[in-house]
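Residue numbers (my numbering): 142 to 273. Glycine included, C-beta positions come from ideal geometry on N, C-alpha and C. Here the structure comes first, spelled out in structure tokens, and everything after it is commentary.
What follows is the structure in structure tokens.
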């Protein structure tokens with residue numbers, strides 16, 4: 142019964158940029174439970190330079206990693222992504238639950254305009270040399 146209570150307090154998140162394994166902000170997910178890797182066709186990534194931003198636009202499949210995180214880590218993610226709970230459209234990122242192969246997961250969506258930025262409609266970020 143204790144394990145179910147712990148699982149009930151976890152939130153599932155899907156990450157696609159600097160929070161992925163080997164990237165600059167992955168340490169925030171230290172202690173999180175790695176659930177798996179999948180592709181999302183509901184988002185397109187935009188290369189902002191030091192990090193990507195996702196928009197809710199169809200793609201050929203963007204690589205994401207899925208984690209179960211506790212409330213403290215979820216709050217740290219909100220802070221990192223400049224999520225504004227009172228006015229989500231005013232933060233750098235909004236968040237939304239999307240369906241993944243592992244069930245619903247929160248994903249951060251980039252609020253600013255992405256006109257003129259390179260799209261990543263398949264694969265992931267950072268782009269592999271010779272890739273899209």
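Given residue 242 as reference, the closest of 204, 251, 261, 220 once Cα atoms are compared: Within the chain shown, residue 242 is the residue found at index 101, counting from 1. The shortest Cα separation from residue 242 among 204, 251, 261, 220 belongs to 204.
Residue 162, buried or exposed, once every other Cβ within 10 Å from all chains shown has been counted against 16: Mapped onto the chain shown, residue 162 falls at position 21. With fewer than 16 other Cβ atoms within 10 Å, it is exposed.
Simplified DSSP state of residue 273, which is helix, strand or coil: Counted from its first residue, the chain shown places residue 273 at position 132. Since pLDDT at residue 273 reaches only 40, below the 50 mark, its modelled position is unreliable, and the value read off the structure follows with that caveat. It is coil, neither helix nor strand.
Span of the alpha helix (DSSP H) around residue 204: The residue you call residue 204 lines up with position 63 of the chain shown. Here residue 204 belongs to no alpha helix (DSSP H); instead the beta strand (DSSP E) covers 202 to 210.
Where residue 265 falls: helix, strand or coil (DSSP): As a first step, residue 265 is located in the chain shown; it is residue number 124 there, counting from the start. It is coil, neither helix nor strand.
For residue 237, the residue or residues it bridges with in DSSP: To locate residue 237, count along the chain shown from 1; it is residue 96. Answer is 248, bridged to residue 237.
Residue 152 - DSSP class collapsed to helix/strand/coil: Taking the chain shown and counting its residues from 1, the one referred to as residue 152 is at position 11. In this structure, residue 152 counts as strand in the three-state DSSP scheme.
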